[in-house]
Amino acid sequence: MAEYSDLSTNFISKLERGQKTNINLLKLYAICQALGISISELLQEENNVSLETLTPSTLRLIHELTAMDPIPSERISQHILLVLDDFKMVYK
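For the sequence shown, the UniProt record's numbering assigns the number 1 to the initial residue and increments by one for each residue that follows.
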């Protein structure tokens, strides 16, 4: 998996063992590419989420992030996740 996704074996190993649970969109995309599936297919399997249930803004966000170069996409993803974490803390 690491070879086909261009991710480290250490990262993949931690992910498989459940030691790594927070994954950014680019790494998720790389894993899906290695598996030959789309992110939406993975989400359908895991969370019963389909593209039809995602809002236009969510779809656009996924599209924009996956179209960007990895480094800026990762930085933006990290900032979005921080905002989401703050939101969850305020609106428990």
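Cβ atoms here follow ideal geometry from the backbone N, Cα and C, with glycine treated the same way. A quick note: this is a predicted structure, and the numbers were derived from the prediction, not measured.
Can you tell me which of the three DSSP states residue i falls into?
i          : result
residue 89 : helix
residue 80 : helix
Just curious, the alpha helix (DSSP H) that residue i is in, first and last residue?
i          : result
residue 57 : 56–67
residue 53 : Looking at the DSSP string, residue 53 is not in any alpha helix (DSSP H), and its letter there is neither H nor E.
residue 10 : 9–17
residue 5  : 2–5
Tell me, please, whether the CB atom of residue i is closer than 9 Å to any CB atom in chain B?
i          : result
residue 32 : No chain B is present in this structure, which holds just one protein chain.
Assign residue i to buried or exposed, taking buried as 16 or more other Cβ atoms, counted over all protein chains shown, within 10 Å of its Cβ.
i          : result
residue 30 : buried
residue 92 : exposed
residue 71 : exposed
residue 65 : buried
At the level of alpha carbons, what is the spacing between residue i and residue j?
i          : j          : result
residue 40 : residue 32 : 9 Å
residue 27 : residue 9  : 13 Å
residue 38 : residue 7  : 17 Å
residue 55 : residue 20 : 27 Å
residue 88 : residue 80 : 12 Å
residue 59 : residue 53 : 10 Å
residue 18 : residue 11 : 11 Å
residue 83 : residue 90 : 11 Å
On the premise that residue j lies in contact with residue i, defined as a C-beta separation below 8 Å, what is that separation, rounded to the nearest angstrom?
i          : j          : result
residue 24 : residue 77 : 5 Å
residue 68 : residue 34 : So it is not a contact: roughly 20 Å between Cβ atoms.
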